[in-house]
Structures are given as C-alpha cells and as structure tokens.
Amino acid sequence: MEKPSEPKEEPSQSQDSWITEQDILREKLVTEDSFPWKLPTTGSEEGQALKYVGGVDLSFSKDDPSQACGTLIVLDFHTLQVVYQDFSLVTLHVPYVPGFLAFREAPVLLQLLEKMKGSNNPFYPQLLMVDGNGILHPRGFGLACHIGVEANLPTIGIGKNLHHVDGLDHSRVRKLLGAEENSSKDFINLVGCSGRLWGAAMRSTQGSIKPIFISIGHRISLQTAIMIVQMTCKYRVPEPIRQADIRSRDYMRKVEINAKVK
DNA sequence: GCGACAG
DNA sequence: ATCTTGTCGC
Numbered sequence: 014m015e016k017p018s019e020p021k022e023e024p025s026q027s028q029d030s031w032i033t034e035q036d037i038l039r040e041k042l043v044t045e046d047s048f049p050w051k052l053p054t055t056g057s058e059e060g061q062a063l064k065y066v067g068g069v070d071l072s073f074s075k076d077d078p079s080q081a082c083g084t085l086i087v088l089d090f091h092t093l094q095v096v097y098q099d100f101s102l103v104t105l106h107v108p109y110v111p112g113f114l115a116f117r118e119a120p121v122l123l124q125l126l127e128k129m130k131g132s133n134n135p136f137y138p139q140l141l142m143v144d145g146n147g148i149l150h151p152r153g154f155g156l157a158c159h160i161g162v163e164a165n166l167p168t169i170g171i172g173k174n175l176h177h178v179d180g181l182d183h184s185r186v187r188k189l190l191g192a193e194e195n196s197s198k199d200f201i202n203l204v205g206c207s208g209r210l211w212g213a214a215m216r217s218t219q220g221s222i223k224p225i226f227i228s229i230g231h232r233i234s235l236q237t238a239i240m241i242v243q244m245t246c247k248y249r250v251p252e253p254i255r256q257a258d259i260r261s262r263d264y265m266r267k268v269e270i271n272a273k274v275k
C-alpha cells in the first residue's frame, strides 16, 4: 500500500538536478592562475596591479530566517579600506542543504555583482573572496566555484568551519596542524584520504587555535590564493570577508529596528 | 544502517 | 546562519 507522502518538504528542485547543474558548471572551472593583473610583490612592470578585492556574504534576520541581506564589499588591496559596499534584502525560498549552499546564496550575490558591473563602476573587483568553500566540497564545486564560474571572476573560498570531505575531519586536521614538521608553519595542505589536495588550513593570526579553510574558487591557484589571503588578514578572517560579514549584519540589524518602529 | 555535513 | 556579557590581554 502506498504510504502517504512523508511530512518532509518536497524540494522544488530535486537534489539530482542540483548535482547535474554543478557537474555542468564544473566543466568550466579553472584551477590555475588566470587573470590579467599582477601581485604587487611580483615587482613586474608589465600589466596592471591587483587593486580591488571584493568580499561577499549573507546575514539573516533573527526573527524570520527566510529574510536575508546579501552584501558585496570592495576593498583597496593595498590599504585594505572599503571603497564600495552594496546590500540587497531578499526573501529566501531555498533551504540550506550541506553541499548545495550555492543554490540558496549565489543568486543574490551574483545579482549584486551584475548590478555593479552593469553600471561600469570603476571599483568592480578583480578578485572575489567568498564566505564558503571552493573546491573543498563533496563534488569539488562549492559556492566560491559556483560564483566564480557564473560571474567569470577569479574567486577564493574561505570556510570558517571544515566541511568534511574525503576523510578530512577535525581529528585529521588537528593531526596535520600539530605535526612536528608543520608546527612552525602558518598553513598546511589539506590532503584527503584519496591523496587529493583540497585546500589549506591556515592559522591566520599568531597563536590562533581555530584555523580558516582556504580553497580554490575559480581562475586561481591554491598557492596564489594562500598568498593573497595572508596579505589581507588583519584578524583571523581576511578583511574582505570580515568587512562583508560585519557590515551585512549591521545593515540587517538596522532594517529590523525600522521594521519594529513601523 | 547511522552519523557527519560550508552557511 | 542565529540565540548572547563580560572579560582577559596587548
């Protein structure tokens, strides 16, 4: 006898079609340096230098979890000062499902990028840091890859927590970070049980216990990504992400206050 | 089979 | 993601 449908939510999009979409987009993924600019430390005269680094994040309403604020921030790479910020309030209809974060968060963030690019803003980022993983993902295609490919921008994935993949878990990371030969390093490569390199765990601040997790998003190598993250870290989380985080939460807070006054 | 699981 | 104050230290 046919059971009545489970009380579980029926996803508007089946998880299978999400996987298919990730597989298709992944064919366009570039995991090596592919950008026109140079790093200041390269000292090369030719080409333009990296000057504008973006950061994106979402914050949520504490009252209504479906209400979110998408945020795009751009910093001057050299001074680490904010030169651009934009916010977008949205109602989310897609739930958070581990491994499918992009289907919930990417649309708002891509819209913010398109809006900025469409207006020919001179501060449009040459590189974007994303609050979420890149290839450090069950199918090697996290939010940072998704945004990178769809916006055709170099992106770096920054995770504040480890997404367990290929045998990488807390104990393995602790073991790697604590290993004798790694104890002096500020970062270690995250090599899974299969031998694949997924990203890096980095102690961004001297003596910080909790690492951040860096992975390739799009059009950048892990080595370059690590270098850029190190150059933008005043605190544990690199400034583009940190500023997007802070200002997004700030904006959301003010909106909630106004809503109550009304 | 059960649990783990970015934000 | 969000619920939450003070507090220890440079």
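Under my numbering, think of the first position of the first sequence as 14, with each following residue one higher. Note that beta-carbon positions come from the ideal geometry of N, C-alpha and C, so glycine has one too.
Closest by C-alpha distance to S27, out of L190, V87, Y137, F116, is F116. Of the residues G147, S234, K128, the one whose Cα lies closest to the Cα of P138 is K128. The residues L88, in chain order, have a CB closer than 7 angstroms to that of Q94 in the same chain once the five nearest residues on each side in sequence are set aside. The shortest CA-to-CA distance from V66 to any of A238, N271, H177, Q35 is the one to A238. A residue is called buried once 16 or more other Cβ atoms fall within 10 Å of its Cβ, and A272, having fewer, is exposed.
Segment contact: the stretch 151-166 against the stretch 229-249, three or more CB-CB distances shorter than 8 angstroms; contact assigned.
The straight-line gap separating the alpha-carbon atoms of R255 and D36 is approximately 30 angstroms. The way I'd put it, the stretch 234-253 doesn't touch the stretch 184-192; fewer than three beta-carbon pairs between them come closer than 8 angstroms. H231 sits in a strand when the DSSP states are folded into three classes. Here D179 is actually not in contact with D70; their C-beta atoms are around 26 angstroms apart, not less than 8 angstroms. Check the Cα spacing between M244 and each of W31, E40, L52: the tightest is with L52. Between I148 and W211, the gap from beta carbon to beta carbon is short of 8 angstroms.
If you compare the alpha carbons of D76, V103, K75, N134 with that of T84, the shortest gap goes to V103.
The three-state secondary structure of D46, taken from DSSP, is coil.
Per DSSP, the unbroken alpha helix (DSSP H) holding L38 starts and ends at 28-39.
In this structure K64 does not touch F48 by the C-beta definition: roughly 12 angstroms separates them, more than the 8 angstroms allowed.
If you ignore the 5 residues before and after D99, its C-beta comes within less than 6 angstroms of the C-beta of L85, L125, all in its own chain and listed in chain order. Spatial neighbours of S217 in its own chain (CB-CB distance under 6 angstroms, excluding positions within 5 residues in sequence) are listed in chain order as I225, C246, R249. L166 and D46 have their C-alpha atoms spaced approximately 11 angstroms apart.
The C-alpha of E59 is placed about 46 angstroms away from the C-alpha of D29.
The DSSP-derived three-state label of Y97 is strand.
For the pair M265 and S79, the CB atoms are not nearer than the 8 angstroms cut-off. Non-local beta-carbon contacts of L190 in its own chain, meaning distances under 7 angstroms to residues more than five positions away in sequence, involve I201, A214, P224 in chain order. L156: not part of any beta strand (DSSP E); member of the alpha helix (DSSP H) spanning 156-164, first to last residue.
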